[in-house]
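Residue numbering for the sequence shown follows my numbering, beginning at 13 and increasing consecutively. We put the beta carbon where it would ideally sit given N, CA and C, even for glycine. As the structure is a computational prediction, the values presented were derived from the model and not from experiment. Heads up, the thing below is written out as structure tokens.
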Amino acid sequence: MAKAIMIQGAGSNVGKSMLVAGLCRAAVKRGLSVAPFKPQNMSNNAAVTSDGGEIGRAQALQARACGLVPHTNMNPVLLKPETDVGAQVIVQGQRFATMKARKYGSRKAELIPKVLESYHRLAAHHDLIFVEGAGSPAEINLRSGDIANMGFAEAADCPVILVGDIDRGGVIAQLVGTDVILPPDDRARIKAFAINKFRGDTTLFEDGMTAIARHTDWVSLGIVPWFKDAWKLPAEDVMDVATRAGGAIKVAVPRLNRIANFDDLDPLAAQPDVTVEIIEAGRPLPGDADLVLIPGSKSTIADLAHFRAQGWDTDLFAHVRRGGHVLGICGGYQMLGREIADPEGIEGPATRVRGLGLLDVTTVMSAQKRLTLSDAVHISSGAPVSGYEIHIGETVGPDRANGWLSLDGRIEGAANASGHVRGCYLHGLFAADEFRQNFMSDIGAPVQAMAYEADVETTLDALAVHLEDCLDIDRIFALAEPIRT
């Protein structure tokens with residue numbers, strides 16, 4: 013019978029996703045068949061799955077840590093924000109509805125049968141499930157109908173480990189305060205706690221651990237020191253990319269309001285001779301960039317307006333006049349064209365807007381989303397590329413004749429006459445080492461050889477060892493309880 017344990021956080025971004033990835037790899041190394049599960053995630057950084065759906069990118073990394081192909085069962089509810097108050101709701105990999113937050117809050121309990129269905133499907137094939145919560149269980153205003161934290165733990169009768177982030181400060185209050193504010197039944201589900209992201213001598217916090225255990229009656233699992241190689245793993249938040257040190261080659265990336273599927277940046281940021289600079293609103297695009305990369309967007313037309321509002325269009329035109337290189341991926345590709353039409357009002361009111369005009373193509377939005385894993389070839393070098401497509405809209409026009417990828421027997425992408433401005437729909441292409449080297453050489457910024465995918469695997473192994481050294485892994489496995497159908 014499969015067992016499960018749930019990792020919840022005393023707040024957002026306490027490092028749950030990375031801890032689950034490391035615990036999954038540690039379990040695999042011990043010979044267990046393990047799978048990740050997150051009942052509800054909120055992210056525009058999605059991964060396309062083998063069964064033709066989409067899940068959060070963090071769950072795809074966790075699946076990799078387990079030696080599994082990502083599947084929609086691993087993240088049955090994915091919320092993809094489109095505005096400040098609304099999101100597209102993805103259920104078991106497919107679009108379910110677009111809702112404002114208040115409406116979703118009143119209906120989310122309807123989704124628990126689907127969540128449990130996916131959970132039990134996973135359990136049928138594995139020894140152990142690591143469940144990841146979202147946000148904090150202390151958000152008791154969201155407890156009614158909850159499917160992300162204690163609501164799921166109750167429905168699945170799953171024990172919980174609570175994690176605190178000491179790097180933010182106030183970790184004792186985070187954990188003890190959570191214990192105080194939870195209703196008794198929820199409080200009883202928490203069996204143990206751990207501290208994450210500790211910098212320095214962990215023995216200095218021994219009294220803190222004792223105090224937390226005394227106030228809560230939870231078992232202490234240990235303190236996780238800061239994992240210095242965390243930057244080598246695919247980033248869950250775009251600002252995690254911005255914290256990485258790099259080299260002299262500069263790739264400038266305007267931070268769109270609804271930036272999506274920015275995993276294209278991870279292999280570039282991992283290059284020791286490349287700096288990926290995330291340009292925040294209000295800052296100009298740097299004049300010394302070797303490449304301006306316009307990433308994907310969940311709301312292309314709105315983000316194009318945001319792009320112009322920052323004056324980035326003027327900066328981009330100057331960059332091109334200087335002979336600079338530009339790459340647009342997915343939504344960024346659509347923005348580079350002459351026009352974007354949304355006759356059905358997919359992204360908002362039906363409209364037709366002028367694009368940046370750097371590529372002679374036009375895009376028409378449609379309700380049908382393309383979700384597929386794809387293998388391609390870089391035409392000029394013959395280098396193989398594997399990636400995924402996740403977009404609405406079809407792009408046509410004269411510059412499609414200058415497409416620079418061959419995908420499923422068709423030409424993909426577009427380029428202007430000089431080849432300095434390019435776009436495509438294929439995400440993930442920079443993970444291919446040979447392609448990455450050829451592309452950067454083409455733009456006059458050659459990079460050293462690097463085995464990106466192998467480095468990710470090595471880092472996952474190192475993370476597992478790191479957790480084995482500092483946490484009571486045996487106790488964690490012992491706390492897992494059988495999954496009851």
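Nearest-angstrom Cα separation, counted from Val365 out to Ser309: Your numbering for residue 309 matches position 297 in the sequence shown. Your numbering for residue 365 matches position 353 in the sequence shown. Each residue's Cα considered, the two are about 16 Å apart.
Given this structure, state the Cα-to-Cα distance separating Ile306 from Met13, to the nearest angstrom. Here residue 306 corresponds to residue number 294 of the sequence shown, with the count starting at 1. Here residue 13 corresponds to residue number 1 of the sequence shown, with the count starting at 1. Ile306 and Met13 have their C-alpha atoms spaced approximately 47 Å apart.
Taking just the CA atoms, how far does Cys342 sit from Glu292? Mapped onto the sequence shown, residue 292 falls at position 280. Mapped onto the sequence shown, residue 342 falls at position 330. Going from the Cα of Glu292 to the Cα of Cys342 covers about 20 Å.
Within 8 Å (strictly less), CB to CB, does Arg422 reach chain D? Absent from the structure is chain D; it holds one protein chain and no more.
Classification of His137 by the beta-carbon crowding that lies within 10 angstroms, buried from 16 upward: Start at 1 with the first residue of the sequence shown, and residue 137 comes out as number 125. When all chains shown are included, His137 counts as exposed.
Three or more beta-carbon pairs under 8 Å between the region 436 to 443 and the region 37 to 46, yes or no? With the cut-off at 8 Å, the region 436 to 443 and the region 37 to 46 do not touch.
Three-state secondary structure (DSSP) of Pro125: Within the sequence shown, the letter at position 113 stands for residue 125. Three-state DSSP puts Pro125 in a helix.
I'd like to check one pair, Ile352 with Thr312: are the Cβ atoms closer than 8 Å? In the sequence shown, counting from the first residue as 1, residue 312 sits at position 300. In the sequence shown, counting from the first residue as 1, residue 352 sits at position 340. Ile352 is positioned such that its CB atom lies closer than 8 Å to that of Thr312.
Quick check for students: name the residue ranges of the alpha helix (DSSP H) that lie wholly in the region 263 to 309, counting only runs of 4 or more. 277 to 282
Where does Ser130 fall in DSSP's three states? Locating residue 130 in the sequence shown gives position 118, counting from the first residue. Reduced to three states, the DSSP call for Ser130 is helix.
If we require 4 or more residues per run, which alpha helix (DSSP H) segments fall completely within the region 186 to 226? 196 to 201
Looking at Gln283 and Met462, is the spacing between their C-beta atoms short of 8 Å? In the sequence shown, residue 462 corresponds to position 450, counting from 1. In the sequence shown, residue 283 corresponds to position 271, counting from 1. Yes, these two residues count as a Cβ contact at 8 Å.
Among Arg119, Glu94, Val127, the one whose alpha carbon lies nearest that of Val103: In the sequence shown, residue 103 corresponds to position 91, counting from 1. Closest option to Val103, Cα to Cα, is Val127.
Start-end ranges of the beta strand (DSSP E) lying completely within the region 19 to 96, minimum 3 residues: 46 to 49, 52 to 54, 58 to 60, 66 to 68, 89 to 93
Minimum length 4: unbroken alpha helix (DSSP H) runs contained in the region 334 to 370: 343 to 348
Under DSSP, the alpha helix (DSSP H) around Asp315 begins and ends at which residues? Locating residue 315 in the sequence shown gives position 303, counting from the first residue. 312 to 321 is the span of the alpha helix (DSSP H), which, as asked, contains Asp315.
Local conformation of Ser536 per DSSP, three classes: For residue 536 there is no data in the structure shown, the boundaries of the chain being 13 and 497.
Exposed unless 16 or more other CB atoms sit within 10 angstroms - verdict on Glu129: By one-based count along the sequence shown, residue 129 stands at place 117. Residue environment: Glu129 is assigned as exposed (fewer than 16 neighbouring CB atoms within 10 Å of its CB, all protein chains considered).
For Gln449, report the span of its alpha helix (DSSP H) as first-last. Translated into positions along the sequence shown, residue 449 becomes position 437. Bounds of the alpha helix (DSSP H) holding Gln449 are 445 to 454.
Cutting at 7 Å between CB atoms, please list the residues of its own chain near Gly369, excluding the five before and the five after it. As a first step, residue 369 is located in the sequence shown; it is residue number 357 there, counting from the start. Once the five neighbours on either side are set aside, the close Cβ partners of Gly369 are Arg350.
Could you tell me whether the Cβ atoms of Gly65 and Leu385 are closer together than 8 Å? By 1-based counting over the sequence shown, the position of residue 65 is 53. By 1-based counting over the sequence shown, the position of residue 385 is 373. In this structure, Leu385 does not lie closer than 8 Å to Gly65 by Cβ.
Report all residues from its chain with a CB closer than 7 Å to the CB of Gly145; omit the five preceding and five following residues, and keep chain order. Sequence index remark: in the sequence shown, residue 145 carries index 133 (1-based). The answer, listed in chain order, is Met18, Ile19, Gln20, Gly21, Lys28, Ala160, Asn161.
Could you please give me the residues that DSSP links to His439 through a beta bridge? Position 427 of the sequence shown, counted from the first residue, corresponds to residue 439. In DSSP, His439 forms a bridge with Tyr400.
Given a cut-off of 8 Å, decide if Gly405 and Leu417 are closer than it, judged by their beta-carbon atoms. Translated into the one-based positions of the sequence shown, residue 417 becomes position 405. Translated into the one-based positions of the sequence shown, residue 405 becomes position 393. It is not a contact, given that the beta carbons lie outside the stated cut-off.
Where the beta strand (DSSP E) through Lys112 begins and ends: As a first step, residue 112 is located in the sequence shown; it is residue number 100 there, counting from the start. Counting along the chain, the beta strand (DSSP E) containing Lys112 begins and ends at 106 to 112.
Considering only the beta carbon of each residue, do Ala492 and Lys15 sit closer than 8 Å? As a working note, residue 492 is residue 480 in the sequence shown. As a working note, residue 15 is residue 3 in the sequence shown. It is a contact, given that the beta carbons lie within the stated cut-off.
What residue from Asn85, Met86, Ile141, Ala167 has the CA that sits closest to Glu122's CA? Sequence index remark: in the sequence shown, residue 122 carries index 110 (1-based). If we check each option's Cα against that of Glu122, Ala167 comes out closest.
Alpha carbons only, please: which of Thr497, Asp486, Ile495 is nearest the one belonging to Gly234? Here residue 234 refers to the residue found at position 222 of the sequence shown. Measuring from the Cα of Gly234, the nearest candidate turns out to be Asp486.
Outcome for Leu73 when other beta-carbon atoms lying within 10 angstroms are tallied against a minimum of 16: As a position in the sequence shown, residue 73 is number 61, starting the count at 1. Label assigned to Leu73: buried.
Near Thr407, what residues of its chain come up, given a Cβ to Cβ distance below 6 Å and the 5 sequence neighbours on each side ignored? Locating residue 407 in the sequence shown gives position 395, counting from the first residue. Excluding positions up to five away in sequence, the list reads Val373, Thr375.
Out of Lys381, Glu289, Gly344, which one is the CA nearest neighbour of Ala260? Sequence index remark: in the sequence shown, residue 260 carries index 248 (1-based). Of the candidates Lys381, Glu289, Gly344, the one whose C-alpha sits nearest the C-alpha of Ala260 is Glu289.
Less than 8 Å between the CB atoms is what I'm expecting for Pro93 and Pro51, so what's the real figure, rounded? As a first step, residue 93 must be located in the sequence shown, where it is residue number 81. As a first step, residue 51 must be located in the sequence shown, where it is residue number 39. Wrong, their Cβ atoms sit about 18 Å apart, outside the cutoff.
Can you check which of these residues, Tyr400, His432, His403, is closest to Gly415 by C-alpha distance? As a first step, residue 415 must be located in the sequence shown, where it is residue number 403. Ranked by how close their Cα comes to the Cα of Gly415, the residues Tyr400, His432, His403 have His432 in first place.
Let's test the definition: count the other Cβ atoms within 10 Å of the Cβ of Asn153 and tell me whether it reaches 16, buried, or not, exposed. Working through the sequence shown from its first residue, we reach residue 153 at position 141. So Asn153 counts as exposed.
Check Met13 in the structure and name its three-state DSSP category. For the purposes of this step, residue 13 is identified with residue 1 of the sequence shown, where counting begins at 1. Note: Met13 maps to coil in three-state DSSP.
Checking the sheet assignment: what are the DSSP bridge partners for Ile235? As a position in the sequence shown, residue 235 is number 223, starting the count at 1. Under DSSP, Ile235 forms a beta bridge with Ile207.
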